[in-house]
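Structure record follows, encoded as C-alpha coordinates.
Numbering (my numbering), first residue to last: 1 to 174.
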(Lines of atoms letter the chains of each structure in order from A and count residues from 1; the text may use other names and numbers.)
(Lines give C-alpha, C1' and ligand atoms only; values in the text may rest on other atoms or scores of the structure.)
Protein backbone atom coordinates (compact mmCIF):
# COMPACT_ATOMS: atom_id res chain seq x y z
CA UNK A 1 0.00 0.00 0.00
CA UNK A 2 1.42 3.26 -1.04
CA UNK A 3 0.59 6.55 0.51
CA UNK A 4 0.31 9.49 -1.74
CA UNK A 5 1.83 12.61 -0.47
CA UNK A 6 0.23 15.92 -1.11
CA UNK A 7 2.62 18.51 -2.21
CA UNK A 8 2.87 21.30 0.37
CA UNK A 9 3.30 23.79 -2.43
CA UNK A 10 -0.08 23.05 -4.02
CA UNK A 11 -2.08 23.25 -0.81
CA UNK A 12 -1.48 26.92 -0.05
CA UNK A 13 -2.03 27.87 -3.67
CA UNK A 14 -5.32 26.00 -3.74
CA UNK A 15 -6.55 27.63 -0.52
CA UNK A 16 -5.55 31.07 -1.82
CA UNK A 17 -7.67 30.50 -4.91
CA UNK A 18 -10.59 29.40 -2.73
CA UNK A 19 -10.19 32.48 -0.56
CA UNK A 20 -10.14 34.81 -3.55
CA UNK A 21 -13.33 33.22 -4.95
CA UNK A 22 -15.05 33.51 -1.57
CA UNK A 23 -13.95 37.12 -1.18
CA UNK A 24 -15.19 38.01 -4.65
CA UNK A 25 -18.59 36.46 -3.85
CA UNK A 26 -18.90 38.58 -0.71
CA UNK A 27 -17.86 41.69 -2.57
CA UNK A 28 -20.64 41.18 -5.08
CA UNK A 29 -23.30 40.92 -2.37
CA UNK A 30 -22.18 43.81 -0.15
CA UNK A 31 -22.96 46.71 -2.45
CA UNK A 32 -25.03 48.70 0.09
CA UNK A 33 -28.34 48.60 1.93
CA UNK A 34 -31.49 47.48 0.22
CA UNK A 35 -34.54 49.71 0.05
CA UNK A 36 -36.42 47.43 2.45
CA UNK A 37 -33.64 47.63 5.05
CA UNK A 38 -33.66 51.42 4.86
CA UNK A 39 -37.46 51.54 5.15
CA UNK A 40 -37.36 49.30 8.24
CA UNK A 41 -34.79 51.58 9.90
CA UNK A 42 -36.85 54.69 9.06
CA UNK A 43 -39.98 52.99 10.45
CA UNK A 44 -38.21 52.13 13.72
CA UNK A 45 -36.93 55.70 14.07
CA UNK A 46 -40.46 57.01 13.43
CA UNK A 47 -41.99 54.76 16.10
CA UNK A 48 -39.34 55.69 18.67
CA UNK A 49 -39.79 59.38 17.89
CA UNK A 50 -43.55 59.11 18.26
CA UNK A 51 -43.11 57.70 21.76
CA UNK A 52 -40.02 59.57 22.93
CA UNK A 53 -40.77 63.16 21.94
CA UNK A 54 -44.11 63.48 23.80
CA UNK A 55 -42.60 61.81 26.88
CA UNK A 56 -39.67 64.24 26.80
CA UNK A 57 -42.01 67.24 26.40
CA UNK A 58 -44.09 66.09 29.38
CA UNK A 59 -40.92 65.67 31.44
CA UNK A 60 -39.70 69.15 30.46
CA UNK A 61 -43.06 70.73 31.37
CA UNK A 62 -43.12 69.05 34.78
CA UNK A 63 -39.56 70.22 35.47
CA UNK A 64 -40.55 73.77 34.50
CA UNK A 65 -43.65 73.57 36.74
CA UNK A 66 -41.44 72.47 39.62
CA UNK A 67 -39.34 75.61 39.06
CA UNK A 68 -42.55 77.66 39.13
CA UNK A 69 -43.62 75.95 42.37
CA UNK A 70 -40.26 76.71 43.99
CA UNK A 71 -40.56 80.34 42.91
CA UNK A 72 -44.05 80.57 44.45
CA UNK A 73 -43.27 79.08 47.90
CA UNK A 74 -41.59 82.19 49.46
CA UNK A 75 -44.57 84.33 48.36
CA UNK A 76 -47.02 81.83 49.86
CA UNK A 77 -45.21 81.80 53.20
CA UNK A 78 -44.85 85.60 53.22
CA UNK A 79 -48.56 86.05 52.43
CA UNK A 80 -49.50 83.79 55.33
CA UNK A 81 -47.21 85.74 57.68
CA UNK A 82 -48.57 89.04 56.35
CA UNK A 83 -52.14 87.99 57.17
CA UNK A 84 -51.00 87.19 60.72
CA UNK A 85 -49.09 90.50 61.08
CA UNK A 86 -51.81 92.72 59.61
CA UNK A 87 -54.81 90.65 60.67
CA UNK A 88 -56.18 90.55 57.12
CA UNK A 89 -55.15 89.69 53.58
CA UNK A 90 -56.41 92.86 51.85
CA UNK A 91 -53.19 94.84 52.41
CA UNK A 92 -50.86 91.94 51.57
CA UNK A 93 -49.10 92.68 48.26
CA UNK A 94 -45.62 92.80 46.75
CA UNK A 95 -43.25 94.86 48.90
CA UNK A 96 -45.51 94.96 51.99
CA UNK A 97 -44.85 93.08 55.25
CA UNK A 98 -41.88 91.07 53.93
CA UNK A 99 -43.63 89.90 50.75
CA UNK A 100 -40.87 90.01 48.12
CA UNK A 101 -41.06 92.19 45.03
CA UNK A 102 -41.81 90.35 41.79
CA UNK A 103 -38.93 88.18 40.67
CA UNK A 104 -38.21 86.15 37.58
CA UNK A 105 -36.88 82.65 37.20
CA UNK A 106 -36.11 80.53 34.18
CA UNK A 107 -39.80 79.67 33.64
CA UNK A 108 -41.56 82.50 35.52
CA UNK A 109 -41.74 85.97 34.00
CA UNK A 110 -43.63 87.64 36.86
CA UNK A 111 -45.02 87.00 40.36
CA UNK A 112 -47.81 89.35 41.49
CA UNK A 113 -49.31 89.44 44.98
CA UNK A 114 -52.51 91.46 45.51
CA UNK A 115 -54.67 90.99 48.62
CA UNK A 116 -52.72 87.81 49.32
CA UNK A 117 -53.61 86.30 45.91
CA UNK A 118 -50.45 85.06 44.18
CA UNK A 119 -50.39 85.10 40.37
CA UNK A 120 -47.51 83.49 38.49
CA UNK A 121 -47.02 84.09 34.76
CA UNK A 122 -45.09 81.41 32.87
CA UNK A 123 -42.56 81.79 30.07
CA UNK A 124 -40.53 79.51 27.75
CA UNK A 125 -41.91 75.95 28.18
CA UNK A 126 -44.75 77.43 30.27
CA UNK A 127 -45.58 80.26 27.90
CA UNK A 128 -49.25 81.21 28.17
CA UNK A 129 -49.70 79.55 31.57
CA UNK A 130 -50.98 81.53 34.55
CA UNK A 131 -51.28 80.03 38.02
CA UNK A 132 -53.48 81.83 40.54
CA UNK A 133 -53.13 80.82 44.20
CA UNK A 134 -55.95 82.23 46.33
CA UNK A 135 -55.78 82.17 50.14
CA UNK A 136 -59.00 81.44 52.02
CA UNK A 137 -59.11 81.99 55.78
CA UNK A 138 -60.77 79.08 57.54
CA UNK A 139 -63.32 80.61 59.91
CA UNK A 140 -63.27 77.59 62.23
CA UNK A 141 -59.60 77.70 63.21
CA UNK A 142 -58.15 80.76 61.45
CA UNK A 143 -55.78 78.73 59.27
CA UNK A 144 -55.23 79.60 55.62
CA UNK A 145 -56.30 77.17 52.93
CA UNK A 146 -55.12 77.65 49.35
CA UNK A 147 -57.01 77.08 46.14
CA UNK A 148 -55.21 77.05 42.83
CA UNK A 149 -56.33 77.77 39.32
CA UNK A 150 -54.21 76.85 36.30
CA UNK A 151 -55.13 78.82 33.17
CA UNK A 152 -53.82 78.13 29.68
CA UNK A 153 -55.43 78.38 26.29
CA UNK A 154 -55.07 75.39 24.01
CA UNK A 155 -52.81 73.12 26.06
CA UNK A 156 -54.88 70.80 28.24
CA UNK A 157 -51.82 68.63 28.99
CA UNK A 158 -50.03 71.59 30.54
CA UNK A 159 -53.08 72.46 32.66
CA UNK A 160 -53.33 68.85 33.92
CA UNK A 161 -49.63 68.80 34.80
CA UNK A 162 -50.03 72.16 36.55
CA UNK A 163 -52.92 70.82 38.61
CA UNK A 164 -50.81 67.80 39.62
CA UNK A 165 -47.79 69.89 40.66
CA UNK A 166 -49.76 72.69 42.36
CA UNK A 167 -52.02 70.53 44.46
CA UNK A 168 -52.43 71.60 48.04
CA UNK A 169 -54.51 69.82 50.63
CA UNK A 170 -56.92 71.46 53.08
CA UNK A 171 -54.21 72.51 55.53
CA UNK A 172 -52.37 74.67 53.02
CA UNK A 173 -49.42 72.30 52.71
CA UNK A 174 -48.30 70.43 49.66
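Virtual Cβ for every residue (Gly too), placed ideally from N, Cα, C.
Going by DSSP, what residues sit across from residue i in a beta bridge?
i           : result
residue 161 : In the DSSP output, where bridge partners are listed per residue, residue 161 has none listed.
residue 114 : 117
residue 108 : 122
Run the CB neighbour count on residue i, radius 10 Å, all protein chains shown included, and call it buried at 16 or more, exposed below.
i           : result
residue 164 : exposed
residue 135 : buried
residue 50  : exposed
residue 166 : buried
residue 77  : exposed
residue 34  : exposed
residue 83  : buried
Can you tell me whether DSSP reads residue i as helix, strand or coil?
i           : result
residue 167 : coil
residue 55  : helix
residue 34  : coil
Which residue's Cα is closest to the Cα of residue i: the options?
i          : options       : result
residue 67 : 154, 110, 156 : 110
Which complete beta strand (DSSP E) runs does the stretch 116-154 hold, if anything under 3 residues is left out? The qualifying runs are 117-122, 130-137, 144-151.
Can you list the alpha helix (DSSP H) stretches of 4 or more residues lying completely in the stretch 52-102, in chain order? Within the stretch 52-102, not a single complete alpha helix (DSSP H) segment reaches 4 residues in length.
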